[in-house]
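Those letters in the sequence shown? Residues 7 to 164, per the numbering used here, in order.
Some notes on the structure that comes next.
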Amino acid sequence: MLPLMEAEAVDRNSWVTKEEMLDIYTLSQCTPGVIAVNTATFIGRKTKGFFGALFATLGVITPSLIIISLIAAFFTSFADNPYVVHAFAGIRVAVAALMACVVLKFIKSGIKAPAQVGILIAAFITVAFLKISPVIIILVSGLFGFFALRGKEAEVDE
7 MLPLMEAEAV
17 DRNSWVTKEE
27 MLDIYTLSQC
37 TPGVIAVNTA
47 TFIGRKTKGF
57 FGALFATLGV
67 ITPSLIIISL
77 IAAFFTSFAD
87 NPYVVHAFAG
97 IRVAVAALMA
107 CVVLKFIKSG
117 IKAPAQVGIL
127 IAAFITVAFL
137 KISPVIIILV
147 SGLFGFFALR
157 GKEAEVDE
């Protein structure tokens, strides 16, 4: 959903800039709940206030709620079907590819200073190999970014 949301909010409707979208993704990841729902809520709030947030949130969760309810009602009757098993295997690969695209976009648009490359590598290694809580990684990365990039605003903004 995130690539679709970015296409709608940034490219098609210009509700937010790419930089604002990165900030919204970051905040959405830090707040409790599903990142897509949080992202929609933040974009709705920014564009149309309280009711924008409300309707953006409902717009994201309602279709999923309906589809998941329908699938859940009938899933046990077709969960062992080989076609369904293979379809889910394909869907998992497609989801991984979409997530990889989002990560690459973050890297391309978010890294503008050498210190940020260091934060990226350290955060990746920490998440992948050390099993440290993402909350701690986000907080430490934010603090490191604040102190490492302070005074270099012109370099980061360009």
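Where is the CB? At the ideal position from N, CA and C, for every residue including glycine.
Since we're looking at a predicted model, the values are computed, not measured.
For residue i and residue j, which I take to be in contact (beta-carbon distance under 8 Å), what is that distance rounded to the nearest angstrom?
i: Ile143; j: Ala129; result: 5 Å
i: Ala119; j: Leu71; result: So it is not a contact: roughly 42 Å between Cβ atoms.
i: Lys24; j: Ser115; result: 5 Å
i: Val133; j: Pro140; result: 7 Å
Flag this pair as yes or no: are the beta carbons of residue i and residue j separated by less than 7 Å?
i: Leu30; j: Thr45; result: Looking at the sequence itself, residue 30 is Ile, so the reference to Leu does not match. In this structure, Thr45 lies closer than 7 Å to Ile30 by Cβ.
i: Glu14; j: Met27; result: no
i: Ile41; j: Trp21; result: no
i: Gly151; j: Ile125; result: yes
Select from the options the residue whose C-alpha is nearest the C-alpha of residue i.
i: Gly58; options: Val43, Ile72, Pro69 and Leu71; result: Val43
i: Gln35; options: Val16, Leu8 and Ile113; result: Leu8
i: Phe153; options: Ile127, Gly55 and Ala121; result: Ala121
Taking only heavy atoms of the ligand COA into account, decide whether any of them is closer than 6 Å to the Cβ of residue i.
i: Ile77; result: As far as ligands go, the structure on display features none, and thus does not contain the ligand COA.
Counting Cβ pairs closer than 8 Å, one from the region 49 to 68 and one from the region 82 to 89, do we hit at least three?
-> no
Would you check if the region 76 to 84 and the region 93 to 102 touch, i.e. whether three or more CB-CB distances between them fall below 8 Å?
-> no
Does the region 106 to 115 come within contact of the region 24 to 38, defined as at least 3 CB pairs closer than 8 Å?
-> yes
For the region 28 to 57, list the beta strand (DSSP E) runs that are entirely contained and at least 3 residues long, ordered along the chain.
-> none
Any alpha helix (DSSP H) of 4 or more consecutive residues that is wholly inside the region 86 to 163 = 88 to 116, 120 to 131, 140 to 155 and 159 to 163
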